[in-house]
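*Asks:* In UniProt numbering, the protein residues as written are 1 to 148. Where is the CB? At the ideal position from N, CA and C, for every residue including glycine. Computed from a predicted model, the values in this text were never measured in an experiment. Sharing a structure here in structure tokens format.
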């Protein structure tokens, strides 16, 4: 077999692999930003983008650490509408045994973000590819007075 034939065979086998490295990234976008609640950055939580309005996109999410999150392109959302769910825990001050029968006590975390920002979210985001920063400054819901 000639060197030329061998070279063409090698190129024929390798050429189709040229685009495979970025194949998962096609149509997905890196997203990052900040998250605060009641004026304070969320130090430990999660953010999830869930396809909305019948959109058949892929969900994406990341950990929130010290008020920031980053979703890399390979794991990012596709272009389209999303519901945004934000969950954050903080120490509750309530301590319970680490294990049944254990004398070691651990703090029970409490989820302090209101349900309008997580399991009953009203937050929305449109991923367009034009921007990659989505910042969320969540407000504490206003207290409504109950009538007696």
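If you run the structure through DSSP and keep just helix, strand and coil, what is residue 73?
*Replies:* One-based indexing of the chain shown puts residue 73 at position 73. The answer is helix: DSSP assigns residue 73 an H, G or I state.
*Asks:* Helix, strand or coil for residue 92 per DSSP?
*Replies:* Mapped onto the chain shown, residue 92 falls at position 92. Residue 92: strand per DSSP, three-state reduction.
*Asks:* By the three-class DSSP mapping on this structure, what secondary structure does residue 102 have?
*Replies:* On the chain shown, position 102 is the one that residue 102 refers to. The answer is coil: DSSP assigns residue 102 none of H, G, I, E or B.
*Asks:* Using CA coordinates, which residue listed in 50, 141, 36 and 58 is at the minimum distance from residue 74?
*Replies:* On the chain shown, residue 74 is found 74 positions in, with the first residue counted as 1. For residue 74, the nearest C-alpha among the options comes from 58.
*Asks:* Between the C-alpha atoms of residue 89 and residue 54, what's the straight-line distance to the nearest angstrom?
*Replies:* Position 89 of the chain shown, counted from the first residue, corresponds to residue 89. Position 54 of the chain shown, counted from the first residue, corresponds to residue 54. Computed Cα separation, rounded: 30 angstroms.
*Asks:* For the beta strand (DSSP E) that contains residue 137, what are its first and last residues?
*Replies:* Within the chain shown, numbered from 1, the residue matching residue 137 stands at position 137. Start and end: 136–138.
*Asks:* With a threshold of 8 angstroms on Cβ separation, who are the neighbours of residue 66 within its own chain once the five nearest residues in sequence on each side are excluded?
*Replies:* Position 66 of the chain shown, counting from 1, holds the residue named residue 66. Taken in chain order, the residues that qualify are 41 and 43.
*Asks:* In three-state DSSP terms, what is residue 6?
*Replies:* Residue numbering aside, residue 6 sits at position 6 when the chain shown is read from its first letter. Note on residue 6: pLDDT 48, under 50, position unreliable in the model; no value is reported.
*Asks:* Spatial neighbours of residue 135 within its chain, please: C-beta separation below 7 angstroms, excluding the five flanking residues on both sides.
*Replies:* Within the chain shown, residue 135 is the residue found at index 135, counting from 1. Cβ neighbours of residue 135 beyond the five flanking positions: 33 and 34.
*Asks:* Measure how close the beta-carbons of residue 195 and residue 77 come, nearest whole angstrom, since I'm counting them as under 8 angstroms.
*Replies:* The question about residue 195 has no answer, for the chain in this structure spans 1 to 148.
*Asks:* If the criterion is Cβ atoms closer than 7 angstroms, does the pair residue 52 and residue 72 meet it?
*Replies:* To locate residue 52, count along the chain shown from 1; it is residue 52. To locate residue 72, count along the chain shown from 1; it is residue 72. Contact: no.
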